[in-house]
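Before any comments, here is the structure.
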Amino acid sequence: MLRMLSGKRFNRSAYVPLRTKFIILFCLLITIPFLVIGTISYKKYIAGVERNTVELSNQVVSQININLEHYIKELDRLTLAPLYDEDMMQILRKHRLPGSGGTYLSTDETLKMNLFISSLAFDRGEIESILVFTNDGGIFSNLDQSVRKRWDRSMAEWMETVEQADGGLAILPPHSAAYYTEAKQGIISVARVIREPYTHAMLGIVKVDLMPRGFGSIVSTVRSSGSGLLQITGKDQVVLYSGAGKLPDSRESYITASAESPYTGLKVTSLMPRAQLREDARELTNSTLIVSIVALMAAYVAAILLSSRLIKPIAHLQSKMRQVKRGLFLERATVTTSDEIGQLTEGFNTMIGEIDRLVKEVYETRLKEREAELLALQSQIHPHFLYNTLEMVNMLALQGNTRELSGVVTSLGKLLRYTVGHREQMVYVLDEVKFVEAYLRIQGMRLGDKLEAVIHIDSSFDSCVVPKLILQPLIENVIEHAMGPDKLCLTLTASVEEEDLILSVRDNGLGITRARMLELEEQLYSRQPRAAADAEQGGFGRILKGFALRNVHQRLRLLYGEPYGLTLDNTAEQGVTVSLRLPMNWEAMNDAGPAGDRQGGEE
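What follows is the structure in structure tokens.
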């Protein structure tokens with residue numbers, strides 16, 4: 001029984017409803033594939049975007065590099081134009097000597113030079129200005145009002161780079177242009193030294209200053225949409241142009257594409273942050289996520305509804321099982337489906353019908369047999385003490401002791417009224433004690449001073465319910481078998497042990513030998529009585545010894561089961577203690593039973 005209870009407690013603590021299991025299973029079957037497919041799709045989408053971005057960036061960079069070469073070649077032709085104009089060359093020859101008297105720029109020279117330079121800059125909106133620097137410090141430009149007429153080395157730190165090119169085209173990174181009336185910063189230019197065709201003597205420098213939109217116009221004609229960074233760098237990785245976008249961050253990851261021109265020495269680099277690609281894909285991802293969430297919610301609702309439809313007949317069957325568990329064997333479950341659950345319900349109904357039939361045919365029959373057995377055991381007690389009492393009544397009648405005879409007859413009437421007049425199986429402890437007191441009065445008249453009885457039962461036990469006639473056989477057994485030459489003292493007590501009622505009869509009589517104790521225990525606790533065998537071996541007197549104790553023990557076992565019953569203890573120095581263990585029961589009795597006995601006893 002303990003094992004069954006512990007198993008039930010374990011199952012209850014680990015109990016998870018079947019509907020919850022179905023919902024969890026359905027949700028996992030829906031969510032896990034969705035997450036796996038979504039993750040794989042997202043990664044493949046990002047990988048495809050990065051691959052396409054790399055391809056597109058390489059194409060853009062290559063095209064920008066080609067356009068940049070064409071643009072630089074056009075600027076190169078502009079810087080070579082003075083070599084093919086004789087008037088311009090004559091003017092430069094006049095100012096070829098540093099610090100000569102030709103430092104004065106005449107109006108005719110200025111007019112011719114400005115007209116020629118303006119023709120070169122015509123319809124070139126990306127050119128800030130075209131300037132010609134003479135060796136003696138003069139400046140010719142298409143911007144007559146905003147450019148100074150003289151220059152010196154403090155205004156031309158960039159000239160050293162141009163001179164090192166030795167007549168070749170020099171691309172100047174962003175630098176300061178102090179020769180403007182209002183100095184400008186970050187000017188990008190191309191320049192070339194003008195030399196005498198035959199002597200290669202330096203006649204001056206032609207310089208083309210570009211506006212910031214110069215390189216930007218080249219980039220804008222090719223570059224696709226996006227906010228990545230595009231850079232054009234010259235020698236020594238000096239940045240000539242940096243398009244729209246934030247500067248590279250070493251903490252970010254970039255998709256890089258670059259192309260370098262062997263003609264110009266310029267390198268075009270495109271930097272596209274990978275985080276930006278994910279931002280570009282965010283709109284598509286958000287739309288997909290919203291649709292997916294709606295689909296998931298619909299799937300979850302469908303899972304809940306489907307699980308409810310599956311669990312409903314099972315829950316109905318479970319409720320019917322609870323009713324049957326409480327003993328309602330007429331309950332039947334309704335078959336609502338034609339699947340396995342319907343077959344299970346039909347089997348349940350068939351099983352309950354069969355159990356109901358078995359209960360009626362077997363269990364009720366067993367109860368009647370058990371009740372008959374209890375009545376038989378109870379009736380076996382009566383002749384034993386009635387025989388001794390009638391014998392004493394006979395002796396008192398022969399002696400003519402009418403007063404004592406009247407007392408015995410009165411007590412005997414109470415005993416008969418208690419045992420025969422009422423058929424209740426259960427009585428109060430108070431009624432059973434009054435019956436024992438009447439029995440002890442009869443025995444006291446018969447034995448005189450040889451018997452002393454003491455009853456120590458607290459009044460709190462008076463209303464406790466016990467089986468009828470369980471104390472008298474114990475006291476009778478003491479008087480019959482423990483009486484010796486000395487005075488016999490017996491004590492009746494009641495106590496509580498582990499929420500059970502313990503009724504004990506202790507005596508100081510002859511006691512029991514070890515061999516006899518083993519024999520009594522075998523007779524008490526054996527499944528079958530040994531009455532027939534004892535009759536054959538030792539006669540009727542041997543049957544009576546211990547048979548009353550066995551009857552009491554068997555009655556308690558039939559009523560309450562183990563561990564209730566009778567126990568013997570002869571460990572004391574003298575006598576034996578017989579104890580009864582019963583469950584503590586405070587069930588109320590009806591007034592027609594023991595209450596009437598108590599009234600009769602008090603008269």
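With UniProt numbering applied, the sequence shown covers 1 to 603. All C-beta atoms in this analysis are idealised placements derived from N, C-alpha and C, irrespective of residue type, glycine included. Nothing here was measured: the structure is a model prediction, and the numbers come from that model.
- Excluding sequence positions up to five before and after Gly-400, its CB lies less than 7 Å from no other CB in the same chain.
- Fewer than three Cβ pairs drawn from the segment 165–176 and the segment 138–147 lie within less than 8 Å of each other, which leaves the two stretches out of contact.
- Secondary structure at Tyr-564: coil, using DSSP grouped into helix, strand and coil.
- If the five residues before and after Ala-303 are omitted, its C-beta is found closer than 8 Å to the C-beta atoms of Phe-22, Ile-23, Phe-26, Cys-27 and Ile-30, all from its own chain and listed in chain order.
- Beta-bridge partners of Thr-256 (DSSP): Leu-271.
- Excluding the 5 residues flanking it on each side, Thr-389 has same chain C-beta neighbours closer than 6 Å at Leu-412 and Ile-442, in chain order.
- For the segment 466–529, the full-length beta strand (DSSP E) segments reaching 3 residues or more read 488–497 and 500–507 along the chain.
- The beta carbons of Phe-116 and Met-159 sit about 22 Å from each other, so the pair does not count as a contact at 8 Å.
- At the C-beta level, Gly-186 and Asn-135 stay beyond 8 Å of one another.
- In the structure shown, the three-state DSSP call for His-95 is coil.
- Spatial neighbours of Ala-453 in its own chain (CB-CB distance under 7 Å, excluding positions within 5 residues in sequence) are listed in chain order as Leu-440 and Leu-490.
- Ranked by how close their Cα comes to the Cα of Gly-509, the residues Lys-487, Ser-526, Gln-523 and Leu-492 have Lys-487 in first place.
- Tyr-241 counts as buried, since no fewer than 16 other beta carbons sit within 10 angstroms of its beta carbon.
- Counting along the chain, Val-427 sits inside the beta strand (DSSP E) bounded by residues 426–428.
- Every unbroken stretch of the beta strand (DSSP E) spanning 3 or more residues and falling wholly within the segment 153–179 is given here in chain order: 170–177.
- Secondary structure note for Ala-453: its beta strand (DSSP E) is the uninterrupted segment 451–456.
- Rounded to the nearest angstrom, the Cβ distance from Leu-501 to Leu-582 is 5 Å, consistent with a contact under 8 Å.
- Taken through DSSP and simplified to helix, strand or coil, Ser-261 comes out as coil.
- Under DSSP, Tyr-241 takes part in a beta bridge, and its partners are Ile-232.
- In this chain, the beta strand (DSSP E) harbouring Ser-579 covers 577–583.
- Per the C-alpha coordinates, the member of Tyr-198, Ala-257, Lys-184 and Ile-127 positioned closest to Val-60 is Ala-257.
- Only buried fits Asn-65, as 16 or more other CB atoms lie within 10 angstroms of its CB.
- For Glu-340, the enclosing alpha helix (DSSP H) starts and ends at 340–358.
- Annotation for Arg-192: the continuous beta strand (DSSP E) segment containing it runs 184–195.
- Minimum Cα-Cα distance from Asn-67 among the listed residues Ile-232, Ile-46, Pro-473 and Leu-568 corresponds to Ile-232.
- A straight line joining the alpha-carbon of Val-206 with that of Asp-76 spans about 11 Å.
- In the same chain as Arg-195, and ignoring 5 residues on each side of it, the C-beta atoms closer than 8 Å to its own belong to Gly-167, Ala-201, Met-202 and Leu-203, in chain order.
- Non-local C-beta neighbours of Trp-151 in its own chain, meaning closer than 7 Å and more than five positions away in sequence, comprise Phe-133, Gly-137, Ile-139 and Tyr-179, ordered along the chain.
- Residue pairing from DSSP places Lys-207 in a beta bridge opposite Leu-131 and Ala-191.
- With fewer than 16 neighbouring CB atoms inside 10 Å of its own CB, Lys-43 falls in the exposed class.
- In the three-state reduction of the DSSP assignment, Phe-140 falls in the strand class.
- Residue Glu-331 holds the alpha-carbon nearest to the alpha-carbon of Gly-353 among Leu-310, Glu-340, Glu-331 and Val-190.
- With 16 or more other CB atoms across the displayed protein chains lying within 10 angstroms of its CB, Gly-575 is buried.
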